[in-house]
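Enquirer: The C-terminal residue of the sequence shown carries number 287 in this note's numbering, and the numbering is unbroken.
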Amino acid sequence: MKNTFYTILLLLVSISGIAQQSNAPRLIVRGDDMGYSHSGNVALLKCSREGIQTSIEVIVPSPWFPEAVKMLQANPGIDVGIHIALTSEWDNVKWRPLSDCPSIRDEDGYFFPMVRANKNYPKRSILENNWKLADIEKEMRAQIETALRKLPNISHISSHMGCTGLSPEVRELTKRLAKEYKIPVDAEPANLSYATYEGPKKTSAEKIQSFIKMLGKLEAGKTYLFVDHPGLDDAELQAISHIGYEDVAADRQGVTDLFTSEKVKTAVKEKGIRLIAYKDLLNP
């Protein structure tokens, strides 16, 4: 009788633990912009293999996309999204469309640097030029098809610099293409809430502290998305910037430090946060 009582007690404790785990806050930690630089590629891979990052977004027309493909093919367990890009924002490194889409490229054949009007880049945004929906569709198809050909395990589509929100027509186009190619769009598989730093985020230490503070505010039963851009503070990234964002190397090294921080890993465990990938939204 005594043994039966303890068996039942252990079973109840086990069931309670499973219930608590299933109701734990779920968090996708997304690293964006794979392909924009070698330093970014190395950092993103490091954050997935050694840190808390659970998804990588890859920019298909970017200059370091071929290296990104090799890295991701060698690590097939990493959750990957197509980061649709219709802009090329950096001053010292540029990329061009994959398709013939004259209305969304500049006089040199590159994407415009900005999606919307920016005082630092007058008349250098898509919205300030005579863009055509047909050109955007052609380019989005080219990027999706190239990504699927190289990385067939793509789990979702996301948006670089918010380009798929350019207009209601572009938003509808994105949904239509996602349905056609059978790839969910970003937050569509679940009701995702966006999480961000709770406090300053200039230095690595500030990022870590503000991220841990954010973890403490995540609510049970909800699914959250945290997005940032890992990188390395090296000579390559120190040469990459645009007006208004000059400290790219130091800032993105801070993200790498955050995503690989042992202190953060411990906080995730202690606060009972369940780290998931986009693909987990399809199979909860």
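Glycine is no exception: its CB is placed at the ideal position from the N, C-alpha and C atoms.
Would you say the stretch 172-188 touches the stretch 94-109, given that touching needs at least three Cβ pairs under 8 Å?
Expert: no
Enquirer: Please state if the CB of ILE279 and the CB of ARG52 are separated by a distance shorter than 7 Å.
Expert: Not a contact, by the Cβ cut-off of 7 Å.
Enquirer: Once DSSP output is grouped into helix, strand and coil, what is the label at PHE115?
Expert: Reduced to three states, the DSSP call for PHE115 is coil.
Enquirer: First and last residue of the beta strand (DSSP E) that includes GLU148?
Expert: That residue, GLU148, is in no beta strand (DSSP E); its alpha helix (DSSP H) goes 136-153.
Enquirer: Looking at PHE115 and THR149, is the spacing between their C-beta atoms short of 7 Å?
Expert: no
Enquirer: Under a three-way DSSP split, which group does VAL188 fall into?
Expert: strand
Enquirer: What ranges does the beta strand (DSSP E) occupy inside the stretch 174-262, keeping only unbroken runs of at least 3 residues that lie completely in it?
Expert: 195-198, 226-231
Enquirer: Is it the case that the stretch 123-138 contacts the stretch 150-158, given that we only count it when at least three CB pairs across the two stretches are under 8 Å?
Expert: no
Enquirer: With GLU63 as the anchor, note down where its alpha helix (DSSP H) starts and where it stops.
Expert: At residue 63 the sequence reads Val, which differs from the Glu that was named. Unbroken run through VAL63: none, as it is neither H nor E.
Enquirer: Please name the residue or residues paired with MET37 in a DSSP beta bridge.
Expert: DSSP output for MET37 lists VAL61 as bridge partner(s).
Enquirer: For ASN194, collect the residues of the same chain with a Cβ closer than 6 Å to its Cβ; drop the 5 residues on either side in sequence, then sort them by chain order.
Expert: none
Enquirer: Which same chain residues, not among the five before or five after GLY247, have their C-beta less than 6 Å away from its C-beta?
Expert: Exclusion of the five residues before and after GLY247 leaves ASN123 as the residues of its chain whose Cβ lies within less than 6 Å of its Cβ.
Enquirer: Which of helix, strand or coil does DSSP assign to SER162?
Expert: strand
Enquirer: Could you name the residues that DSSP lists as bridge partners for GLY84?
Expert: GLU60, HIS159
Enquirer: Take ALA71 and list the residues in its own chain whose beta-carbon comes closer than 6 Å to its own, dropping the five residues that flank it on each side.
Expert: So the qualifying residues of the chain are MET37, GLY38, ASN44, VAL61.
Enquirer: For the beta strand (DSSP E) that LEU101 lies in, which residues bound it at each end?
Expert: Looking at the DSSP string, LEU101 is not in any beta strand (DSSP E), and its letter there is neither H nor E.
Enquirer: Between MET143, LEU235, PHE262, PRO66, which lies nearest to ASP3 when the distance is taken from Cα to Cα?
Expert: With the chain covering 4 to 287 only, the question about residue 3 has no answer from this structure.
Enquirer: Reducing DSSP to helix, strand and coil, say where ALA22 ends up.
Expert: Any answer about ALA22 is weak, because its pLDDT of 41 lies below 50 and its placement is not dependable; what the coordinates show is given next. ALA22: helix per DSSP, three-state reduction.
Enquirer: In chain order, what residues of the same chain have a beta carbon less than 8 Å from the beta carbon of PRO288, not counting five sequence neighbours either side?
Expert: No answer is possible for residue 288: it lies beyond the span of the chain, which begins at 4 and ends at 287.
Enquirer: Can you give the beta carbon distance from LEU75 to ALA145, rounded, assuming they're within the 8 Å contact cut?
Expert: With 8 Å as the limit, LEU75 and ALA145 do not qualify as a contact, their Cβ atoms being about 19 Å apart.
Enquirer: So, for GLY257: in the same chain, excluding its five sequence neighbours on each side, which residues have a beta-carbon less than 7 Å away from its beta-carbon?
Expert: Here the set comprises THR206, SER207, LYS210.
Enquirer: Within 10 Å of its beta-carbon, does THR260 have 16 or more other beta-carbons around it, so buried, or fewer, so exposed?
Expert: As written in the sequence, residue 260 is Asp, which differs from the Thr given in the question. Under this definition ASP260 is a buried residue.
Enquirer: Roughly how many angstroms lie between the CA atoms of GLY54 and SER264, to the nearest whole one?
Expert: 7 Å
Enquirer: Which same chain residues, not among the five before or five after LEU48, have their C-beta less than 6 Å away from its C-beta?
Expert: Within its own chain, the residues whose Cβ lies closer than 6 Å to the Cβ of LEU48, once the five positions on either side in sequence are excluded, are MET74, listed in chain order.
Enquirer: Would DSSP call SER42 helix, strand or coil?
Expert: helix
Enquirer: Assuming THR167 and SER196 make a contact with CB atoms under 8 Å, what is their CB distance in whole Å?
Expert: The Cβ separation is near 19 Å, so there is no contact.
Enquirer: Compare the C-alpha of PHE262 against each of LEU221, SER213, MET164, ALA242 and name the closest.
Expert: SER213
Enquirer: Determine the DSSP secondary structure at LEU48, reduced to helix, strand or coil.
Expert: helix
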